[in-house]
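Those protein sequences? They're chains W and U, same order as listed.
Take any residue in the first sequence, count from 1 to its spot, add 7: that is its number in this note's numbering.
Take any residue in the second sequence, count from 1 to its spot, add 7: that is its number in this note's numbering.
Backbone N, C-alpha and C define an ideal beta-carbon position, used for all residues, glycine too.
Structure first, commentary second.
2 protein chains.
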Amino acid sequence: MVEVNATMKVQYYTASTLDGFIATEDDSLEWLFPLGNLEDSSYPDFIAEVGAIAMGSSTYDWILRNSYTVAAETGSPWPYTPPTWVFSSRDLPAFDGADIRFARGDVTGFIDDMHAAARSKNIWIVGGGNLAGQFYDAGLLDELIVQVGSATLGTGKPLFPRRVLSPTLRLESVHQMGPGMVELRYTVTNPADRDS
Amino acid sequence: MVEVNATMKVQYYTASTLDGFIATEDDSLEWLFPLGNLEDSSYPDFIAEVGAIAMGSSTYDWILRNSYTVAAETGSPWPYTPPTWVFSSRDLPAFDGADIRFARGDVTGFIDDMHAAARSKNIWIVGGGNLAGQFYDAGLLDELIVQVGSATLGTGKPLFPRRVLSPTLRLESVHQMGPGMVELRYTVTNPADRDS
Numbered sequence: 008m009v010e011v012n013a014t015m016k017v018q019y020y021t022a023s024t025l026d027g028f029i030a031t032e033d034d035s036l037e038w039l040f041p042l043g044n045l046e047d048s049s050y051p052d053f054i055a056e057v058g059a060i061a062m063g064s065s066t067y068d069w070i071l072r073n074s075y076t077v078a079a080e081t082g083s084p085w086p087y088t089p090p091t092w093v094f095s096s097r098d099l100p101a102f103d104g105a106d107i108r109f110a111r112g113d114v115t116g117f118i119d120d121m122h123a124a125a126r127s128k129n130i131w132i133v134g135g136g137n138l139a140g141q142f143y144d145a146g147l148l149d150e151l152i153v154q155v156g157s158a159t160l161g162t163g164k165p166l167f168p169r170r171v172l173s174p175t176l177r178l179e180s181v182h183q184m185g186p187g188m189v190e191l192r193y194t195v196t197n198p199a200d201r202d203s
Numbered sequence: 008m009v010e011v012n013a014t015m016k017v018q019y020y021t022a023s024t025l026d027g028f029i030a031t032e033d034d035s036l037e038w039l040f041p042l043g044n045l046e047d048s049s050y051p052d053f054i055a056e057v058g059a060i061a062m063g064s065s066t067y068d069w070i071l072r073n074s075y076t077v078a079a080e081t082g083s084p085w086p087y088t089p090p091t092w093v094f095s096s097r098d099l100p101a102f103d104g105a106d107i108r109f110a111r112g113d114v115t116g117f118i119d120d121m122h123a124a125a126r127s128k129n130i131w132i133v134g135g136g137n138l139a140g141q142f143y144d145a146g147l148l149d150e151l152i153v154q155v156g157s158a159t160l161g162t163g164k165p166l167f168p169r170r171v172l173s174p175t176l177r178l179e180s181v182h183q184m185g186p187g188m189v190e191l192r193y194t195v196t197n198p199a200d201r202d203s
């Protein structure tokens, strides 16, 4: 087992509408683009500390299908440098020039490899909500960092399809970024910590 | 038509989980009680400026069925002084000692009476989300004030089942209340204002 440094975190960092959706039903993120600019957000500082990435198949699919939009928003069709684990029960195409590792099954089986690849840095769960939920279920999620955009979708892909009530999340900080966005940072009390 | 003072607002003031639910599927608000205390929140200042209330039938039903809990949390089984319009297509029992007016049909048909009763004060839409949505659809919603609790429900009654993207909401202020809650205040751009 890899020795995990206490400063290494598993972080679900994402944008959500006020009503708790990260994307439309067809996985579009276009609701988000008018509301803020990545470079003016916490993203540059955040990504500098990320050493490995976890991503669900819908998110990966969306990036594949929208490389033009992604390149326009981020400057590159594959905007991530760290090695990326794509969790999927389906066979998916690779992405030229990206360090992608396809993963199938329980997230617990991959966490040691991810920590090893990340070295002293953090693991970023890009999304979707269900993948973040699987890390939570396994007691592996440390932080939830949500940019809440000033919009609602009414329906769509859920931010975090889990019930977290006892203990609840702990709101560590809030940071408004103009009229279009506020960032909320929560720490997660994992089941293992609760029992100790 | 009642002359509406520009300082009179129609406000949807509510608590929501981080994932956009105001209550469980069976209308329970118990997720909320451990997270904050009404008296330490913006509620005393807010309610002092409220002159009329609008409420959906599920919210009203919940108060009727949980008078003991409501009394324990607020000091009274019917915790509101202003006249309250209960919007429902069903026949519902009255509440002894409360100024209840049952309303059926389009919210637009009642807004003048509500403004007249509120005099120079605001109208509070207590909930649920669909009633707030009906005021929004009619171009009557001015502000959305949400206490986002540090919890998720996964499923439940939606905060605001509408798509508000163009123009989006405008985040006016954020106010953290400890680790359990943050208040977000938005102004709503109504269709009538957009067209002018």
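Assigned secondary structure, residue i (DSSP; H/G/I helix, E/B strand, else coil)
i: Trp-85 (chain W); result: coil
i: Gly-112 (chain U); result: coil
i: Gly-161 (chain W); result: coil
i: Asp-202 (chain U); result: Residue confidence is low: Asp-202 (chain U) scores 45 on pLDDT, short of 50, so the model does not pin down where it sits. Its coordinate-derived value is still stated next. Asp-202 (chain U) falls in the helix class under three-state DSSP.
i: Ser-127 (chain W); result: coil
i: Thr-24 (chain U); result: strand
i: Thr-91 (chain W); result: strand
i: Val-6 (chain W); result: In this structure chain W extends from 8 to 203, so residue 6 (chain W) is not present and cannot be described.
i: Arg-72 (chain U); result: helix
i: Thr-31 (chain W); result: coil
i: Thr-194 (chain U); result: strand
i: Ser-65 (chain U); result: helix
i: Glu-56 (chain W); result: coil
i: Leu-148 (chain W); result: coil
i: Glu-179 (chain U); result: strand
i: Gly-187 (chain U); result: helix
i: Met-15 (chain W); result: coil
i: Gly-135 (chain W); result: coil
i: Gly-140 (chain W); result: helix
Whole-angstrom distance between residue j and residue i, CA atom to CA atom
i: Met-15 (chain W); j: Tyr-75 (chain U); result: 46 Å
i: Leu-176 (chain U); j: Asp-119 (chain W); result: 42 Å
i: Glu-21 (chain U); j: Ala-110 (chain U); result: The identity of residue 21 (chain U) in the sequence shown is Thr, whereas the question assumes Glu. Rounded to the nearest angstrom, the two C-alpha atoms are 21 Å apart.
i: Thr-194 (chain U); j: Thr-115 (chain W); result: 43 Å
i: Asp-47 (chain W); j: Gly-185 (chain W); result: 10 Å
i: Asp-202 (chain W); j: Gly-140 (chain W); result: Bear in mind that the predicted position of Asp-202 (chain W) carries a pLDDT of just 44, short of 50, making it unreliable; the figure below should be weighed with that in mind. Approximately 19 Å, taken between the alpha carbons.
i: Thr-24 (chain U); j: Thr-91 (chain W); result: 30 Å
i: Gly-134 (chain W); j: Arg-72 (chain U); result: 39 Å
i: Thr-159 (chain W); j: Ala-79 (chain U); result: 33 Å
i: His-182 (chain W); j: Pro-168 (chain U); result: 26 Å
i: Val-171 (chain U); j: Asp-33 (chain W); result: 17 Å
i: Trp-131 (chain W); j: Val-93 (chain U); result: 46 Å
i: Ile-107 (chain U); j: Glu-56 (chain U); result: 19 Å
i: Ala-59 (chain W); j: Ser-157 (chain W); result: 29 Å
i: Pro-89 (chain W); j: Ala-125 (chain W); result: 8 Å
i: Glu-179 (chain U); j: Phe-53 (chain U); result: 16 Å
i: Arg-97 (chain U); j: Tyr-67 (chain U); result: 12 Å
i: Gly-187 (chain U); j: Leu-39 (chain U); result: 9 Å
i: Gly-63 (chain U); j: Asp-113 (chain U); result: 12 Å
i: Ser-173 (chain W); j: Asp-144 (chain U); result: 36 Å
i: Glu-150 (chain W); j: Asp-149 (chain U); result: 34 Å
i: Tyr-50 (chain U); j: Ser-95 (chain U); result: 26 Å
i: Gln-238 (chain U); j: Val-189 (chain U); result: With chain U covering only 8 through 203, there is no way to say anything about residue 238 (chain U).
i: Ser-65 (chain W); j: Val-77 (chain W); result: 15 Å
Interface residues of chain U facing residue i [CB-CB closer than 7 Å]
i: Asp-26 (chain W); result: Gly-27, Pro-165, Leu-166, Phe-167
i: Thr-159 (chain W); result: Phe-167, Arg-169, Arg-170, Val-171
i: Pro-186 (chain W); result: Arg-177, Leu-178
Proximal chain W residues relative to residue i, where beta-carbon distance stays under 7 Å
i: Leu-42 (chain U); result: Thr-175
i: Gln-183 (chain U); result: Leu-178, Val-181
Interface partners of residue i on chain U, CB under 8 Å
i: Leu-191 (chain W); result: Leu-25, Val-155, Val-189
Chain W residues whose Cβ lies nearer than 8 Å to that of residue i
i: Trp-38 (chain U); result: Leu-172
> With contact counted as at least three CB pairs below 8 Å, one residue from each stretch, are the segment 24-39 of chain W and the segment 156-174 of chain W in contact?
Replying inline: Judged by Cβ distances under 8 Å, the segment 24-39 of chain W makes contact with the segment 156-174 of chain W, as three or more pairs qualify.
> Does the segment 69-88 of chain U come close enough to the segment 98-113 of chain U that 3 or more CB-CB pairs lie under 8 Å?
Replying inline: The answer is yes - the segment 69-88 of chain U touches the segment 98-113 of chain U, with three or more Cβ pairs under 8 Å.
> Which residues, in order along the segment 130-157 of chain U, keep a beta-carbon less than 9 Å from a beta-carbon of chain W?
Replying inline: Among the residues of the segment 130-157 of chain U, those with a Cβ less than 9 Å away from any Cβ of chain W are Gly-136, Gly-140, Leu-151, Val-153, Val-155, Gly-156, Ser-157, in the order of the chain.
> With contact counted as at least three CB pairs below 8 Å, one residue from each stretch, are the segment 33-49 of chain U and the segment 37-47 of chain W in contact?
Replying inline: Cβ pair count under 8 Å is below three, so no.
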